[in-house]
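If you're matching positions, the sequence shown starts at -9 in this note's numbering and goes up one per residue. This report concerns only the one structure given below.
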Amino acid sequence: MNQTNLLKRYLFIFSSYFINSNKSKAIFYHDVHKNDKYTNMSTSINLFLKHIEIIVKNNFKVVSNINNETNQIEISFDDGFQGIYDNIERISNIPIQIFFTTSHLNKKNYLSKDQLIDLNLNDKILISSHSNTHVDLTMISKSNVEFELRKSKDILEDITNKEVKSLCFPYGRFNNNIIEIAKNIGYNKIYASIPGYYYYPTFKDIINRSLVQFANGNEFKAIINGGDHILKEWYKFKHYSKF
């Protein structure tokens, strides 16, 4: 772990002593692995299951959709790496949302169409959009943003036979124009990568999420108790531009 991440870890832990909140929130990962590792952003399956134990021990519950202001956690995985499928027997009873980048379909290290269809049969798994090509949406034209988000939605709806209503932004980057385009296309649950509580959005109509993929036990507990909110303004600066 580099010095920056180590400093963030201790900052989150220190901050959590003053916040120590049980308010509901969304957290996210990129993949899980036991042996084969498909991305350097992957979390070991043992660490992931330890996180679940910490959630339960601290009187939170993992749910598919948060509907209570307190004590609920939503879990999502970005990109759609294959480790989720490889380890499905160990996580099949845990509600998760997979934000899938549709241009990755059937490519090496990513989920195939057949695997997505199989995962879609599990009522605890929700397949949602992470755009078509994982481009930084703030760097392309409005028409291309619309294409990215509509194309992904159409492909996933064809595979799952379900309406796709949830989206998270590639690289967490977004602006006001992108929000409006996404809403007009039909996305009504839009997730950022900015820490915060579920029912206290940093931006109107945008759901906060906390990245937890490398958090050890103490750091993870601190994050679900709100310790990472101390860097919310930094994450806003990193991910949001007005236009």
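Ideal placement from N, C-alpha and C gives every residue a C-beta, glycine not left out.
- Three or more Cβ pairs drawn from the stretch 64 to 82 and the stretch 29 to 36 lie within less than 8 Å of each other, which places the two stretches in contact.
- Annotation: the continuous beta strand (DSSP E) that includes residue 62 extends over 62 to 69.
- CA-CA distance, residue 108 to residue 95, rounds to 14 Å.
- Judged by DSSP secondary structure, residue 46 falls within the alpha helix (DSSP H) whose first and last residues are 35 to 47.
- Taking C-alpha positions only, residue 208 is separated from residue 150 by approximately 38 Å.
- From the listed residues 55, 62, 124 and 54, the smallest Cα separation to residue 68 is found for 124.
- Assignment of residue 119 by DSSP, reduced to helix, strand and coil, places it in the strand class.
- Taking the Cβ atoms as the reference, residue 117 lies roughly 6 Å from residue 90, within the contact range of under 8 Å.
- Listed in chain order, the alpha helix (DSSP H) runs fully inside the stretch 166 to 192 are 166 to 175, counting runs of at least 4 residues.
- Excluding its 5 nearest sequence neighbours in each direction, residue 210 has C-beta neighbours in its own chain below 7 Å: 41, 44 and 202, listed in chain order.
- For residue 11, the closest of 215, 226, 227 and 224 by C-alpha to C-alpha distance is 215.
- A straight-line Cα-Cα distance of about 31 Å links residue 26 and residue 48.
- The beta-carbon distance between residue 171 and residue 228, rounded to whole angstroms, is 21 Å. This is too long to meet the 8 Å contact definition.
- Straight across, the Cα-Cα distance linking residue 185 with residue 17 is about 9 Å.
- The beta carbon of residue 114 is closer than 8 Å to those of 54, 82, 83, 84, 85 and 86 in its chain, skipping five residues each way along the sequence.
- Closest in alpha carbon position to residue 197, among 9, 110, 29 and 164, is 164.
- Here residue 62 is buried, its C-beta having at least 16 other C-beta atoms within 10 Å.
- Shown here, residue 17 sits in a strand according to DSSP, grouped into three states.
- Exclusion of the five residues before and after residue 166 leaves 232 and 233 as the residues of its chain whose Cβ lies within less than 8 Å of its Cβ.
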